[in-house]
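Undergrad: One rule links them: number in this note's numbering = place in the sequence shown (from 1) + 1. Where is the CB? At the ideal position from N, CA and C, for every residue including glycine.
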Amino acid sequence: MNEQKQDPQKHSLIRQINLWEIKSIEIIQQKAQVCRKTVIESLRTCINDIEMKSKDLNEQIKQIGEKNEFNEINLNDLRNELMKITQELNNPSNMSIQENFQPFMNDISIILSK
C-alpha cells in the first residue's frame, strides 16, 4: 500500500490504461501506414498518366510548330490542356481523405462504484 501511495503509476489499473494506450496508438499507426501506401501507389499511377498527357501535349506543340500553325485558338487549347494537367497533378480527382467517426479500437472508461 505504501508503494502505491508513493507511486500511483505502478497501480495495475494505470498499467492497464497504459497498455490500452500503446495498443491504440499501434492500431492508429498501422492504419495510417496503410493509407500512406494507398496514396503513394495511386499517386504513382496518376503521375504516370500525367507524364503521358504531358508528352502528348509536347508532341502537339512540336507539330503545331513544324506546321507553323500557331494561332490564338491553338494557343488557348494548349494553355487549357496544360492547366488541366497542372490541376490534375496538384489535386488528383480520384483521391480524398474521408474520416469515419466510428471507433475502430476498443474504448475504455473508468467505472467507479459507490
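Taking contact to mean at least 3 C-beta pairs separated by less than 8 Å, is the region 50–62 in contact with the region 8–27?
TA: Result no; under three Cβ-Cβ pairs closer than 8 Å.
Undergrad: Go ahead and pull the three-state DSSP assignment for I111.
TA: Locating residue 111 in the sequence shown gives position 110, counting from the first residue. Three-state result, I111: coil.
Undergrad: Where does E100 sit, in a helix, a strand or coil, going by DSSP?
TA: As a working mapping, residue 100 is identified with position 99 in the sequence shown. It is coil, neither helix nor strand.
Undergrad: For the candidate residues L79, L113, E60, P93, whose alpha-carbon lies nearest to that of I41?
TA: Here the question's residue 41 lines up with position 40 in the sequence shown. Checked all of L79, L113, E60, P93; the closest Cα to I41 is P93.
Undergrad: Nearest-angstrom Cα distance between K115 and R16?
TA: To locate residue 115, count along the sequence shown from 1; it is residue 114. To locate residue 16, count along the sequence shown from 1; it is residue 15. Using only the alpha carbons, I get a separation of about 23 Å.
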